[in-house]
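What follows is a set of notes on a single structure, which appears directly below.
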Amino acid sequence: MAASEYCPGVAVTDPQTSIRLCRELIYRFFPGNIRSSKVWIDPHLYPTKQFSFKRPFATTDATRVTPAQLTALFPSEELYVLPHHPVAGVENTVLRASSSMLFDALSDLDNPNSAALSTIMEWAYIFDQDFTHCFWVSDSTMPIQTPTGNIHQAIMFMYSPCQIHSSH
54 MAASEYCPGV AVTDPQTSIR LCRELIYRFF PGNIRSSKVW IDPHLYPTKQ
104 FSFKRPFATT DATRVTPAQL TALFPSEELY VLPHHPVAGV ENTVLRASSS
154 MLFDALSDLD NPNSAALSTI MEWAYIFDQD FTHCFWVSDS TMPIQTPTGN
204 IHQAIMFMYS PCQIHSSH
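Numbering follows our numbering, with no gaps: position 96 of the sequence shown is 149.
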């Protein structure tokens with residue numbers, strides 16, 4: 054099955070690129086998912102870093118936002134999406150999607166056209182190409198009053214980059 058059947062956008066086809074994007078996401082926003090250790094290789098100890106891809110990523114610093122904040126920051130940009138669940142059986146698949154497509158999927162969960170898509174987006178991470186912001190899509194919703202009645206929007210949490218470590 055195509056990645057677009059599971060989530061909006063186009064999959065980053067190179068698995069190594071997806072892993073590099075996941076590592077950079079963790080490095081920038083979720084350093085609690087990096088484990089440092091030392092490995093003995095005769096006759097020296099060498100530092101190593103291991104990245105934990107288990108989600109949700111460990112952090113406490115987040116701001117609750119709505120999908121409108123996503124398009125306010127990125128009105129017409131292509132963004133990366135890291136779904137919680139495997140895409141076509143592949144773990145840590147990173148997808149690309151326009152901010153307007155993501156806004157449409159997350160801002161009106163009552164719309165039958167976006168209901169299935171928004172279910173797949175639960176617990177996904179959305180981030181820009183420069184890693185300036187990261188959004189986590191929760192499984193909670195918020196009712197919004199519109200002229201035609203109430204609609205439900207996804208509740209998201211926005212993260213800013215952590216203090217960058219001294220060495221990459």
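Here a beta-carbon is modelled for each residue, glycine too, at the ideal position from N, C-alpha and C.
Please identify the residue among PRO96, SER213 and HIS205 whose C-alpha is closest to the C-alpha of LEU162. For the purposes of this step, residue 162 is taken as the residue at position 109 of the sequence shown. Closest by alpha carbon: HIS205.
Run through DSSP, which three-state label would PRO100 get? The residue you call residue 100 lines up with position 47 of the sequence shown. In the structure shown, PRO100 sits in a strand (DSSP, three-state: E or B).
Identify, in the order they occur along the chain, each residue of the same chain with its Cβ nearer than 7 Å to the Cβ of TYR99, setting aside the five sequence neighbours on each side. Along the sequence shown, one-based indexing puts residue 99 at 46. Closer than 7 Å at the Cβ level, and outside the excluded window around TYR99, lie LYS91 and VAL92.
Rounded to whole angstroms, what is the Cα-Cα separation between LEU78 and TYR212? Translated into the one-based positions of the sequence shown, residue 78 becomes position 25. Translated into the one-based positions of the sequence shown, residue 212 becomes position 159. Answer to the nearest angstrom: the Cα atoms are 11 Å apart.
Compute every distance between the C-beta of LYS107 and the non-hydrogen atoms of the ligand PLP, then say whether any falls below 8 Å. Looking for the ligand PLP in the displayed structure turns up nothing, as the structure carries no ligands at all.
Could you compute how far the alpha carbon of ILE208 sits from the alpha carbon of VAL118? For the purposes of this step, residue 208 is identified with residue 155 of the sequence shown, where counting begins at 1. For the purposes of this step, residue 118 is identified with residue 65 of the sequence shown, where counting begins at 1. Looking at the backbone, the Cα of ILE208 and that of VAL118 are separated by about 6 Å.
Grouping DSSP H, G and I as helix and E and B as strand, with all else coil, what is GLU131? Reading the sequence shown from its first residue, position 78 is the one you call residue 131. If DSSP states are grouped into helix, strand and coil, GLU131 belongs with the strands.
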